[in-house]
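Residue numbers (the working numbering): -16 to 277. We put the beta carbon where it would ideally sit given N, CA and C, even for glycine. Notes follow the structure.
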């Protein structure tokens, strides 16, 4: 199901507006947490899994003067005496708004993508100074499908560093396991630029693959990657074990490509998969978790 990984973006069967009718206001956030609509924990941490949740809280559970939203919503029990009881009422108004603004539209969106699982998405970025003519959009029936997911594999090394292997087997050394490297010098925003006509295959205007590969190689070598055993012949990335099933049993992890020896080679991997966190690959023109488009 090409749509399933995106389902929670707009609908989840755990959402239930009836749970808020008659609910004490100090239990609102914990109920939202249980339904997956919010993640508010600790003293001052709140994250909302739907963009309209915070607006609903502002309407029916407004933040008292002198407090931040994070302080208030993450610990309603501590500020129970400052809750606006008139705004909350018995929770039925909140429940009705939750259904009309979030649940019902989300359920309808789920029905649409279930009925039409092949999605067409158009994405464009145009700067104001480029808006010298109205854009014209057309459908090219000869274009191939675009994979709806692009993931990478991260190898965690024993020394605290990591190596990210892209689907095309290119490797990027990541010091201390993150953040993503700030490559020295220019790194191109796009690996390839194409022009698409009314029919036929795209025409390649720019291809920065070789330049990007050179920059990655320089970065890796400057940080001592790959690490080859002393006296052993150099092996390429295609010669190493990149089996996504996991690490080998006994000895160093064979999945840590680059042919490490016993002193430097052991670790575990983290594979990007639907429903899990994907590593965003900024600066290489790679997008994780894209819907198919035509």
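Rounded to the nearest whole angstrom, the CA to CA distance from residue 170 to residue 195 is 7 Å. Judged by DSSP secondary structure, residue 136 falls within the beta strand (DSSP E) whose first and last residues are 136 to 140.
The stretch 111 to 118 and the stretch 18 to 35 do not touch, with fewer than three beta-carbon pairs separated by less than 8 Å. Spatial neighbours of residue 178 in its own chain (CB-CB distance under 6 Å, excluding positions within 5 residues in sequence) are listed in chain order as 186, 188.
Look at residue 119 here: in three-state DSSP terms it is coil, with no helix or strand label.
The residues 156, 158, in chain order, have a CB closer than 7 Å to that of residue 206 in the same chain once the five nearest residues on each side in sequence are set aside. Of the residues 79, -7, 198, the one whose Cα lies closest to the Cα of residue 94 is -7. Shortest Cα-Cα distance from residue 176 to any of 190, 184, 90 involves 190. Per DSSP, the continuous beta strand (DSSP E) segment holding residue 187 begins and ends at 186 to 190. Exclusion of the five residues before and after residue 4 leaves 73, 74, 75, 78 as the residues of its chain whose Cβ lies within less than 8 Å of its Cβ. Ranked by Cα distance from residue 37, the options 12, 1, 68 are led by 12. Judged by DSSP secondary structure, residue 177 falls within the beta strand (DSSP E) whose first and last residues are 175 to 178. Straight across, the Cα-Cα distance linking residue 84 with residue 49 is about 29 Å.
Following the DSSP letters along the chain, one finds residue 154 inside the beta strand (DSSP E) bounded by residues 154 to 157. Note that the C-beta distance between residue 60 and residue 9 is below 8 Å. Residue nearest to residue 210 within the set 70, 32, 146, 80 is 146 (criterion: CA-CA distance).
Setting aside the 5 residues that flank it on each side, residue 56 is surrounded in the same chain by 12, 23, 29, each with a C-beta closer than 6 Å to its C-beta; the list follows chain order.
For the 8 Å CB-CB criterion, residue 39 and residue 81 form a contact.
Take residue 89, set aside five residues on each side of it, and the residues of its chain with a beta-carbon closer than 6 Å to its own are -7, -6, in chain order.
Under the three-state reduction of DSSP output, residue 56 falls in the helix class. Less than 8 Å divides the Cβ of residue 182 from the Cβ of residue 123. Taking C-alpha positions only, residue 45 is separated from residue 32 by approximately 19 Å. Cβ-Cβ separation between residue 199 and residue 153: approximately 6 Å, consistent with a contact (criterion under 8 Å). Residue 13: not part of any beta strand (DSSP E); member of the alpha helix (DSSP H) spanning 11 to 17, first to last residue. Assignment of residue -6 by DSSP, reduced to helix, strand and coil, places it in the coil class. Residue 54 and residue 27 do touch by the CB rule: their CB atoms are close to 5 Å apart, below 8 Å. A Cβ-Cβ distance of about 6 Å is found for the pair residue 166 and residue 202, placing them in contact under the 8 Å criterion.
Within a 10 Å sphere around the beta-carbon of residue 96 sit 16 or more other beta-carbons, which makes this residue buried.
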